[in-house]
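Chemist: Start counting the sequence shown at 6; every next residue gets the next number (full-length UniProt numbering). Note that CB positions come from ideal geometry on N, CA and C, so glycine has one too. As the structure is a computational prediction, the values presented were derived from the model and not from experiment.
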Amino acid sequence: SQSELDYPFKLLEYFNGFRVSKVIFSACELGVFDLLLRSQEPLSAQHVARELSTSVDGMERLLDALVGIEILEVETADGTGSGKSLHDMIIYQSQTIYPLWNNMVDAVREGKNQNEKTFGLPAEDIFQAIYRSEEEMLKFMGLMNSSWVLDGHDIVTAFNLSCFQKIVDLGGCTGALACEMAKAYPSSSVTVFDLPQVVDAAQKHFSQENDAVVFQTGDFFSGEIPPADLYVLARIIHDWPEEKCLTLLQKIYDTCRPGGGVLLVEAMLFENRRGPVMAQCFSLNMLVQAEGRERPPSEYTTILNKTGFRNVQVCRTGKSYDTILATR
Ligand code: SAM
6 SQSELDYPFK
16 LLEYFNGFRV
26 SKVIFSACEL
36 GVFDLLLRSQ
46 EPLSAQHVAR
56 ELSTSVDGME
66 RLLDALVGIE
76 ILEVETADGT
86 GSGKSLHDMI
96 IYQSQTIYPL
106 WNNMVDAVRE
116 GKNQNEKTFG
126 LPAEDIFQAI
136 YRSEEEMLKF
146 MGLMNSSWVL
156 DGHDIVTAFN
166 LSCFQKIVDL
176 GGCTGALACE
186 MAKAYPSSSV
196 TVFDLPQVVD
206 AAQKHFSQEN
216 DAVVFQTGDF
226 FSGEIPPADL
236 YVLARIIHDW
246 PEEKCLTLLQ
256 KIYDTCRPGG
266 GVLLVEAMLF
276 ENRRGPVMAQ
286 CFSLNMLVQA
296 EGRERPPSEY
306 TTILNKTGFR
316 NVQVCRTGKS
326 YDTILATR
């Protein structure tokens, strides 16, 4: 109808979006989901407020809002722990990404990350900023880890990778994606390569059940990378400016045997860059937090071809992350 066309439904919904985020962030920080998961049975607002030492009035409104946005039912209906696995993702959005996005206007004006303004840290070394304390590093690792609970299986099975004997996940962080690889390809060996402090924390705090995954420390920019048949770069290319991506891919190409490959895992933009909204938001996040950007498939193909890789194949999974396979 005419009134529906005139009424700015989408604009209103979108600019109020931060309120919906904050409802989820606040519930997560207060421990609402954890309490409901533990309890096995429905709890009254009074009970939740008492347990979490909050006001009853505030908790009632928060719980009502969670029901309104249809989140509470999702969390309580599934007591298997998948709600818990998103906990780390939500906490990182709440405590680190949200403050950074407060400086989005400056990021767009200046075309660079806002680590200095937000956290008082130099903008040049992004991982020094992201890992500014042990606590922050663990929160970031929690965020990285939780993505693969949702998308990991689709990513590792998007292409049949069983022909690659030795797989190295460069910048593999906690090893969550590597574990999915090891599960899907039990006859391949899977190595996670990352900075020493990350490998240390991964082994201490994110011990994976799968002993098919081994860890190796190093720096993929300043040092050597281990030999492999397949290199995985999950959410690595999007962190860096193009020159650094080309340097890294060239190093991989030079170390890779003929027939070997590289698997990129990223949230890919449409060719015209008009979506998906999630990838567009990730690209803005790279602007405000890192040095990189999200790209459409043709740009990945170009940088892969520039470093010598051929047979570039793209697979969109329909979830947050997509994948590209290329071979030497
Ligand atoms: N691949 C993981 C994933 O998708 O869950 C983590 C992606 S995270 C955005 C980037 C990773 O690259 C981090 O684990 C970080 O520690 C690692 N990294 C950054 N600089 C590195 C370097 N110079 N050498 C090795 N790893 C590095």
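With leucine 175 and isoleucine 230 assumed to form a contact (beta carbons below 8 Å), what rounded beta-carbon distance in angstroms separates them?
Modeler: Counting from 1 along the sequence shown, the entry for residue 175 is found at position 170. Counting from 1 along the sequence shown, the entry for residue 230 is found at position 225. Right, their Cβ atoms sit about 6 Å apart.
Chemist: Would you identify the three-state DSSP class for cysteine 320, choosing helix, strand or coil?
Modeler: If you number the sequence shown from 1, residue 320 lands on position 315. If DSSP states are grouped into helix, strand and coil, cysteine 320 belongs with the strands.
Chemist: Mind checking methionine 142: buried by the 16 CB within 10 Å criterion, or exposed?
Modeler: Residue mapping note: residue 142 aligns to position 137 of the sequence shown, counting from 1. The residue in question, methionine 142, is buried, as its Cβ has 16 or more Cβ neighbours within 10 Å.
Chemist: By the 10 Å Cβ neighbour count, where 16 or more other Cβ atoms means buried, how is glycine 180 classified, buried or exposed?
Modeler: The residue labelled residue 180 in the question sits at position 175 within the sequence shown. Under this definition glycine 180 is a buried residue.
Chemist: Using 7 Å as the cut-off, classify the Cβ of phenylalanine 226 as near or not near the heavy atoms of ligand 1, replying yes or no.
Modeler: Taking the sequence shown and counting its residues from 1, one reaches residue 226 at position 221. Checking the Cβ of phenylalanine 226 against ligand 1 gives yes.
Chemist: Any chance you could list the alpha helix (DSSP H) runs of at least 4 consecutive residues sitting entirely within the region 49 to 126, in chain order?
Modeler: Fully enclosed alpha helix (DSSP H) runs of 4 or longer: 50 to 56, 61 to 73, 77 to 82, 87 to 90, 92 to 97, 103 to 106, 109 to 115 and 120 to 124.
Chemist: Between Ile241, Leu67, Gly266 and Leu166, which lies nearest to phenylalanine 38 when the distance is taken from Cα to Cα?
Modeler: Counting from 1 along the sequence shown, the entry for residue 38 is found at position 33. With distances taken between Cα atoms, phenylalanine 38 lies closest to Leu67.
Chemist: With the cut-off set at 8 Å, would you say arginine 333 and cysteine 261 are in Cβ contact?
Modeler: Translated into positions along the sequence shown, residue 333 becomes position 328. Translated into positions along the sequence shown, residue 261 becomes position 256. Against a cut-off of 8 Å, the Cβ pair of cysteine 261 and arginine 333 comes out as a contact.
Chemist: By the three-class DSSP mapping on this structure, what secondary structure does leucine 309 have?
Modeler: Counting from one through the sequence shown, the residue named residue 309 turns up at place 304. Correct three-state label for leucine 309: helix.
Chemist: Between Pro301, Asp259 and Leu91, which has its C-alpha nearest arginine 279's C-alpha?
Modeler: Along the sequence shown, read from residue 1 onward, the residue named residue 279 stands at position 274. Closest by alpha carbon: Pro301.
Chemist: Following a CB-centred definition, is methionine 149 positioned closer than 7 Å to any heavy atom of ligand 1?
Modeler: As a position in the sequence shown, residue 149 is number 144, starting the count at 1. Flag set: Cβ of methionine 149 near ligand 1.
Chemist: Look at the alpha carbon of alanine 207 and the alpha carbon of cysteine 178, and state the distance between them as a whole number of angstroms.
Modeler: If you number the sequence shown from 1, residue 207 lands on position 202. If you number the sequence shown from 1, residue 178 lands on position 173. Between alanine 207 and cysteine 178, the C-alpha separation is close to 7 Å.
Chemist: Under 8 Å between the Cβ atoms of threonine 196 and valine 219?
Modeler: As a working note, residue 196 is residue 191 in the sequence shown. As a working note, residue 219 is residue 214 in the sequence shown. A contact, by the Cβ cut-off of 8 Å.
Chemist: Quick check on the DSSP output: the beta strand (DSSP E) that includes glycine 266 runs from which residue to which?
Modeler: As a first step, residue 266 is located in the sequence shown; it is residue number 261 there, counting from the start. From DSSP, the beta strand (DSSP E) with glycine 266 extends over 266 to 271.
Chemist: Are the CB atoms of tyrosine 97 and residue 338 within a distance shorter than 8 Å?
Modeler: Only positions 6 to 333 of the chain appear in the structure, and residue 338 is not among them; the question remains open.
Chemist: Taking aspartate 199 as part of the beta strand (DSSP E), name the residues at either end of that continuous run.
Modeler: Within the sequence shown, numbered from 1, the residue matching residue 199 stands at position 194. 194 to 199 is the extent of the beta strand (DSSP E) around aspartate 199.
Chemist: Assign arginine 298 to buried or exposed, taking buried as 16 or more other Cβ atoms, counted over all protein chains shown, within 10 Å of its Cβ.
Modeler: Translated into positions along the sequence shown, residue 298 becomes position 293. The residue in question, arginine 298, is buried, as its Cβ has 16 or more Cβ neighbours within 10 Å.
Chemist: Mapping DSSP to helix, strand and coil, what is aspartate 174?
Modeler: Position 169 of the sequence shown, counting from 1, holds the residue named residue 174. Three-state result, aspartate 174: strand.
Chemist: Excluding the 5 residues flanking lysine 89 on each side, which residues of the same chain have their C-beta closer than 8 Å to its C-beta?
Modeler: Reading the sequence shown from its first residue, position 84 is the one you call residue 89. Because lysine 89 carries a pLDDT of 47, less than 50, the predicted location of this residue cannot be relied on, and no value is offered for it.
Chemist: Which same chain residues end up closer than 8 Å to asparagine 150 when comparing Cβ atoms and leaving out the 5 residues on each side of it in sequence?
Modeler: Numbered from its first residue, the sequence shown carries residue 150 at position 145. Answer for asparagine 150: Asp93, Cys178, Thr179, Ala181 and Phe211, listed in chain order.
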